[in-house]
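Only one structure is covered here, and it is reproduced in the block below.
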Amino acid sequence: MKFITPLHIRNPLSAIRSIVRRLVLLSALGAFLLTGAAGLAAQPQANMTAAVLSQASPQPLRAETDTQARLAAAAVTEGVQIEWNTGLGTPFSIRGKDLGARQTFSSGRGLQVAKSARPEANAIAVLDNLSGIMGIREAQNEFTAKKAQGDTLGFRHVRADQIYQGLKVFGGEVIIHFNQAGAAYQVNGRYVPDIAVDMNPQITPDDAMRLATEDLAGLGKSGVAPLSQPELVVFAYKTQPRLAYALTMTCEPIPENAWRYWIDAQDDRVLLRYNDIKFATTNITGVILLGEGGTTNTVTNCVTLTGTNYLQSTNWLWLVYNISTNSATYPDATNYAFRTNSTWLPEDRTEMSAAVNFDHVQQYYWNVHGRDSFDDSGALAWAIVHLGDNYNNAFWDGSYFWFGDGDGTNFNPLTVLDVCAHEFTHAVTEYSANLVYAYEPGALNESFSDIFGACVEFANQTDGRANYPARVAGTADWLIGEDCVPSSDTLLAPIAMRDMRDPGNSATVGINGKQPSYYKGTYWYTGSGDNGGVHYNNSVQNHFFYLLSDTNASTM
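Quick note: the sequence shown uses my numbering, first residue 670, plus one each step.
Printed below as a string of structure tokens:
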């Protein structure tokens, strides 16, 4: 049928944001209606998370005391600028002309700042002078000053660790800044007041190492060993202060080999862990798949470590892993994709396309939709390439993204842009609407992946719509998977997996690939195969999105 007044939008991307918002709402509603209580989002996989922070004991909010408020008001009248940490009820910045001099807001034990004294000693005296505003009880006992650091202006800066009963407070540190004349002009940082912690550990240092080892094993790490012995600290980072063991563990494989842990010394929880490797970065240049144009592309800010360059982004949340066991062909077989050069030689176009395209996909989701990786919580996306022998598929398994190389007849390597975006969107759907992967909700699931695959293409490739029904390598169109479908001399052989513009066009999808353009229309699949036709009936919403988005759309 024809619309009497079709919706015309001059650029497909101009409508994508508003349309996608509506579709996501429809998807979420559909998930609720069709799946009920079963439509629960899958939990993130532990090995996808670089850091974990226990929120079992959140830091309670604390208001500043009457004394703090009175002294702060006096300081403001003398030109002091104070900014508050409203959660802790303490200042995170105090700025004035000479904060160590005795003034109307001074308090503490009366420690004096002396020009002849070392900056480290003067730093404690400044904290003593400001103790009433900051809520400090005893500056000499609550802080240990580190060595002063100078800058090119002749200013000196002293970091002071917060201490509680002789233990370092993780989450408590302030910096005292001195000008050329030795006067303190700013104190900033984080002081945790009113700490009251049970100082009797219920687990041993060996227990802490065992717990960290077991946790890393749960992340799929092997070769776990301690880099440091457990040390008792007070953990006060975004949680109520707790006695904890701090330790660092190493593991295989590189480049993830320095994990910092804080283990609760009372109830053996992992309070915090993260990978503490500080990577250098490099730009990697290589040739992408011929189906995408075979051009030379550069991926910026990739990990480089001990002379080895990895296809792992430090800007975004992805890495490439080569699952092949063929070490004669691939120098990085069964390993992170790596080279000892930055030009990706020996050449591997499949790996380069995966890297370039996951970079595009994550930038699109962040820049257009504000989404922090597929789970919206910063999960690392593993693109696993060279799967199987002549494997004609790509898929998301709930943890990783897998891509076959194709058999050269039905498919070429599948790490092309819209396929990468398609699989990534399956993960987005799982962590949002979590549609049942069968029958109509499954068709919607597949359709959302096709839709966002097209969106990412239009955001990153030259507009190739004018070439339809022909395809041009590496251009954006309404075809799905066209860059990984081989050319064929066979009449009416497919040149794409699906066609959002005309789902039943045999010139694009082949004689056996025709799909319906409208609900229960021609080519609608009614069987139980393909999970109830998820790859057949997805074309209805695909075509609907095309009609909403494209200026040339006028039929349905």
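All C-beta atoms, glycine included, are put in the ideal place defined by N, C-alpha and C.
For this session: Throw me the rounded Cβ distance for the Tyr1205 and Tyr1194 pair, which I believe falls under 8 Å.
Result: Numbered from 1 along the sequence shown, position 536 holds the residue referred to as residue 1205. Numbered from 1 along the sequence shown, position 525 holds the residue referred to as residue 1194. Rounded, the Cβ-Cβ distance is 4 Å, consistent with contact.
For this session: May I ask you to list the residues that DSSP assigns as paired with Thr1144?
Result: Residue 1144 sits at position 475 when you count from the first residue of the sequence shown. In the DSSP output, where bridge partners are listed per residue, Thr1144 has Thr1131.
Exercise. Could you give the distance in angstroms between the alpha-carbon of Ser800 and the alpha-carbon of Ala808?
Worked result: By one-based count along the sequence shown, residue 800 stands at place 131. By one-based count along the sequence shown, residue 808 stands at place 139. Roughly 7 Å separates the two Cα atoms.
Problem set entry | CB-CB length for Arg1167 against Asn1211, believed under 8 Å | By 1-based counting over the sequence shown, the position of residue 1167 is 498. By 1-based counting over the sequence shown, the position of residue 1211 is 542. Sure, about 7 Å apart at Cβ, within 8 Å.
Problem set entry | Buried/exposed call for Val745, threshold 16 Cβ in 10 Å | Position 76 of the sequence shown, counted from the start, is the residue given in the question as residue 745. Looking at its Cβ environment, which holds fewer than 16 other Cβ atoms inside 10 Å, Val745 is exposed.
For this session: For Gly892, count neighbouring Cβ atoms within 10 angstroms of its own Cβ and tell me buried if that reaches 16, exposed if not.
Result: As a first step, residue 892 must be located in the sequence shown, where it is residue number 223. With fewer than 16 other Cβ atoms within 10 Å, it is exposed.
For this session: Helix, strand or coil for Ser1018, going by three-state DSSP, please let me know.
Result: Translated into the one-based positions of the sequence shown, residue 1018 becomes position 349. Checking the displayed sequence, the identity of residue 1018 turns out to be Arg instead of Ser. Reduced to three states, the DSSP call for Arg1018 is helix.
For this session: With DSSP as the reference, please indicate the residues paired to Trp928 in a beta bridge.
Result: As a working mapping, residue 928 is identified with position 259 in the sequence shown. When DSSP reads this structure, Trp928 sits in a beta bridge with Met918 and Asn944.
Exercise. Does the pairing of the segment 971 to 987 with the segment 939 to 952 give three or more beta-carbon distances under 8 Å?
Worked result: yes
For this session: Express the C-alpha separation of Tyr979 and Leu695 in angstroms, rounding to a whole number.
Result: Taking the first residue of the sequence shown as 1, we reach residue 695 at position 26. Taking the first residue of the sequence shown as 1, we reach residue 979 at position 310. For Leu695, the pLDDT reaches just 35, beneath the cut-off of 50, and the residue's location in the model is therefore unreliable, leaving the point undetermined.
Exercise. In the structure shown, what three-state DSSP assignment does Ser1186 receive?
Worked result: Taking the sequence shown and counting its residues from 1, one reaches residue 1186 at position 517. Three-state DSSP puts Ser1186 in coil, outside helix and strand.
Problem set entry | Check whether Gly858 and Glu842 have beta carbons under 8 Å apart | Against the sequence shown, residue 858 aligns to sequence position 189. Against the sequence shown, residue 842 aligns to sequence position 173. Taking 8 Å as the cut-off, the Cβ atoms of Gly858 and Glu842 count as close.
Problem set entry | Alpha-carbon to alpha-carbon, Phe1072 and Pro862 | Position 193 of the sequence shown, counted from the start, is the residue given in the question as residue 862. Position 403 of the sequence shown, counted from the start, is the residue given in the question as residue 1072. Computed Cα separation, rounded: 53 Å.
Exercise. Taking the DSSP output, what are the residues bridged to Val956?
Worked result: Sequence index remark: in the sequence shown, residue 956 carries index 287 (1-based). Answer by DSSP bridge pairing, in chain order: Thr965.
Problem set entry | Asn857 (DSSP reduced to helix, strand or coil) | As a position in the sequence shown, residue 857 is number 188, starting the count at 1. Looking at Asn857 - three-state DSSP - the assignment turns out to be strand.
Exercise. According to the neighbour-count rule (16 or more other Cβ atoms, all chains shown, within 10 Å of its Cβ), is Thr759 buried or exposed?
Worked result: Working through the sequence shown from its first residue, we reach residue 759 at position 90. Classification for Thr759: buried.
For this session: Return yes when the Cβ of Ala770 is within less than 8 Å of the Cβ of Ala829, no when it is not.
Result: Stepping through the sequence shown from its first residue, residue 829 is reached at position 160. Stepping through the sequence shown from its first residue, residue 770 is reached at position 101. No, they are not a contact pair.
Exercise. Where do the ends of the beta strand (DSSP E) carrying Pro1082 lie?
Worked result: By 1-based counting over the sequence shown, the position of residue 1082 is 413. Careful: Pro1082 lies outside any beta strand (DSSP E) and carries neither H nor E.
Exercise. Who are the Cβ neighbours of Thr964 in its own chain at under 8 Å, not counting the five residues just before and after it?
Worked result: Taking the first residue of the sequence shown as 1, we reach residue 964 at position 295. These residues qualify, in order along the chain: Val956, Ile957 and Gly1143.
Exercise. Where do the ends of the alpha helix (DSSP H) carrying His1212 lie?
Worked result: Indexing the sequence shown from 1 puts residue 1212 at position 543. From DSSP, the alpha helix (DSSP H) with His1212 extends over Ser1208 to Ser1218.
For this session: Could you check the C-alpha separation between Ile1053 and Val989 for me, to the nearest Å?
Result: The residue given as residue 1053 occupies position 384 in the sequence shown. The residue given as residue 989 occupies position 320 in the sequence shown. Those two C-alpha atoms are separated by around 6 Å.
For this session: Would you check if the distance between the CB atom of Thr1078 and the CB atom of Pro1155 is smaller than 8 Å?
Result: For this step, residue 1078 is matched to residue 409 along the sequence shown. For this step, residue 1155 is matched to residue 486 along the sequence shown. Yes; because the gap between Cβ atoms is below 8 Å, this pair is in contact.
Exercise. Closer than 8 Å, CB to CB, is Gly1179 near chain C or not?
Worked result: Among the chains in the structure shown there is no chain C, since it carries only a single protein chain.
Exercise. Can you give the beta carbon distance from His1091 to Gly1122, rounded, assuming they're within the 8 Å contact cut?
Worked result: Stepping through the sequence shown from its first residue, residue 1091 is reached at position 422. Stepping through the sequence shown from its first residue, residue 1122 is reached at position 453. So it is a contact: roughly 4 Å between Cβ atoms.
Exercise. So, are the CB atoms of Tyr1192 and Gly1173 less than 8 Å apart?
Worked result: Taking the sequence shown and counting its residues from 1, one reaches residue 1192 at position 523. Taking the sequence shown and counting its residues from 1, one reaches residue 1173 at position 504. Against a cut-off of 8 Å, the Cβ pair of Gly1173 and Tyr1192 comes out as a contact.
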